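Take a look at the structure set out below.
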Amino acid sequence: VNVIVEGGAVPALVCHLKVPPMAAAVEEEQQPRPFEHEVEKGAAFALGLLAVKPEHQQLIVDAGALPLLVTLLRRHKNATNSRAVNSLIRRAADAITNLAHENSNIKTCIRIEGGIPPLVELLESQDIKVQRAAAGALRTLAFKNDENKTLIVDCNALPTLILMLRSEDAAIHYEAVRY
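In this note's numbering, the protein residues as written are -16 to 162.
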């Protein structure tokens, strides 16, 4: 992992979190594309893996990943290929979770970048895996951070978290209870 980071992978991966210009034009036409979102999803996944190491977290943030990851979370609003978009959103939420893990400065940065409201919206996703990823990210952001807890409550997440306890998916119960 260190060799990959030292080789300049972080800025290269961050630039792939952006929607390619040609893909954005196709997306506006509402035409599904093969392998839609695969590059962005792979970049988010790789950055999430790199973010497991605390010494790489700030490097990823400094490369500009946070606003791009938050933008990816918002992709559900105009999704044409929901399966591909849901997979992308899960990877973005997981990357945010790993970036914020035991890092109070990054938790604050994510709040400032506007990452909490779209995560709360994703708790109501029809995709259970998206719900789990969003709940896990919110749990991480709330841990030992009163400002984030307050914002999560202010975004009206608690009723949805309570409803998640009625889900048939035991992993959803686990995420909802751990908040």
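For each residue, glycine too, the CB sits at the ideal point set by N, CA and C. In this text the structure is predicted, and so the values were computed from the model without any measurement.
Beta carbon of residue i, beta carbon of residue j: below 7 Å?
{"i": "L121", "j": "I135", "result": "yes"}
{"i": "A51", "j": "L0", "result": "According to the sequence shown, residue 51 is Leu rather than Ala. Cβ atoms of L51 and L0: closer than 7 Å."}
{"i": "H84", "j": "T123", "result": "yes"}
{"i": "E96", "j": "L49", "result": "yes"}
{"i": "A46", "j": "P(-6)", "result": "yes"}
{"i": "V113", "j": "R73", "result": "yes"}
{"i": "L102", "j": "A117", "result": "yes"}
{"i": "L30", "j": "L55", "result": "no"}
{"i": "R94", "j": "N69", "result": "no"}
{"i": "T80", "j": "G25", "result": "no"}
{"i": "R115", "j": "A154", "result": "yes"}
Report the option in the options whose CA atom is closest to the CA atom of residue i.
{"i": "H20", "options": "H39, C92, N(-15), H59", "result": "H59"}
{"i": "I43", "options": "C138, S87, L(-4), R66", "result": "L(-4)"}
{"i": "T143", "options": "A159, S65, T80, N69", "result": "A159"}
{"i": "L106", "options": "G31, C138, R94", "result": "C138"}
{"i": "C(-2)", "options": "E(-11), V22, V(-14)", "result": "V22"}
{"i": "Q40", "options": "K24, A67, N(-15), Q109", "result": "N(-15)"}
{"i": "R57", "options": "A153, K24, G98", "result": "G98"}
{"i": "A76", "options": "N88, V53, S87, R66", "result": "V53"}
{"i": "A129", "options": "V2, T91, K36, I(-13)", "result": "The sequence given here has Asp at residue 129, not Ala. It is T91."}
Tell me, please, whether the CB atom of residue i is closer than 7 Å to any CB atom in chain C?
{"i": "I43", "result": "Absent from the structure: chain C. Only one protein chain is present."}
Query raised in the report: In chain order, which continuous runs of the alpha helix (DSSP H) of length 4 or greater are located wholly inside the segment 44 to 103?
Result: Residue ranges of uninterrupted alpha helix (DSSP H) with 4 or more members, entirely inside the segment 44 to 103 and ordered along the chain, are 48 to 56, 65 to 83, 87 to 95.
Query raised in the report: Unbroken alpha helix (DSSP H) runs of length 4 or more, entirely within the segment 96 to 150: which are they?
Result: The alpha helix (DSSP H) runs of length 4 or more contained entirely in the segment 96 to 150 are, from start to end of the chain, 99 to 105, 111 to 125, 129 to 137, 140 to 147.
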